[in-house]
Amino acid sequence: MSLFGRTGKGAPFDWLVVGLGNPGPKYIGTRHNVGEDVVKLLAERHREQLKGGRDNALTAETRFGAPGNDERVVLSFPITYMNESGQAVGAQVRRYRIASVDRIIVIHDELDLDPGVLRVKQGGGLAGHNGLRSITAHTKSQDYLRVRIGVGKPPSGAGKNYVLSKVPKSERERLDVAVVDAADAVELIISDGVEAAMRRYNIKQ
């Protein structure tokens, strides 16, 4: 049975925006947690705070857009580890009655893009990303929207320590710009659609 379009209590939300990362202070500011940085920024912009509760996630409920022409949006940071992110996403799809998989926006780090490069896409492969793999397993689909923030490939032999380590200052500056751009991209997807966001951000940088 599909997760999507289920009936239940309360009015459905229009969008679920998920920033991926690992929980805990030692992971703050790492490459793997750029998705967390974006949802925190979006919460700040909309005068909300991510709070703990059910579904293994920190969550904020808000609205994007002008009054009377706004969208109900859930901002989410799963507090499972990255490999189990789909547990929270699946639970929140049910709780907030998200209508379809293309109403989920996932923000994540991307090894195949240079540091600070931003790309928007719908669906596609998993590129070895365990957070995406878990979300796909729980939603039974790869057609959710992605906002991909480049962190670059690790030096030879660095392995997983690369995405979990602190970022040098020069690279951090580029990632901070990309985090702002990614928040802008999420807002553009919700206001004007994913194709508008792709036209704006999927250009050579």
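When we follow the working numbering, the leftmost residue of the sequence shown carries the number 676, and every step to the right adds one. Virtual Cβ for every residue (Gly too), placed ideally from N, Cα, C. No experiment lies behind these values; they were computed from the predicted model shown.
- With a cutoff of 8 Å on beta-carbon distance, residue 748 and residue 688 are scored as near each other.
- Unbroken alpha helix (DSSP H) stretches of 4 residues or longer found wholly inside the segment 709-793: 709-720, 760-770, given in chain order.
- Taking the C-beta atoms as reference points, residue 761 is found no nearer than 8 Å to residue 840.
- Remark: C-beta atoms of residue 737 and residue 719 do not approach each other more closely than 8 Å.
- Residue 878 counts as exposed, since fewer than 16 other beta carbons sit within 10 angstroms of its beta carbon.
- Between the C-alpha atoms of residue 830 and residue 865 there is a straight-line separation of about 36 Å.
- Taking a 10 Å sphere around the C-beta of residue 741, we find fewer than 16 other C-beta atoms and assign the residue as exposed.
- With at least 16 other beta carbons inside 10 angstroms of its own, residue 807 counts as buried.
- Listed in chain order, the non-local C-beta contacts of residue 710 below 6 Å within the same chain comprise 694, 695, 696, 782, 783, local neighbours out to five positions each way being set aside.
- DSSP, read as helix, strand or coil, puts residue 827 in coil.
- Separation of the CB atoms of residue 857 and residue 713 is rounded to 5 Å, and the pair is thereby assigned contact status at 8 Å.
- In the DSSP assignment, residue 705 forms a beta bridge with 841.
- The C-alpha of residue 875 is placed about 20 Å away from the C-alpha of residue 716.
- With contacts defined as CB atoms closer than 8 Å, residue 797 and residue 861 fail to qualify as a contacting pair.
- Residue 821 is bridged by DSSP to 781, 796.
- In the three-state reduction of the DSSP assignment, residue 691 falls in the strand class.
- Secondary structure at residue 697: coil, using DSSP grouped into helix, strand and coil.
- In the structure shown, residue 806 adopts helical secondary structure according to DSSP, grouped into three states.
- Distance from the Cα of residue 786 is smallest, within the candidate group 702, 872, 707, for 707.
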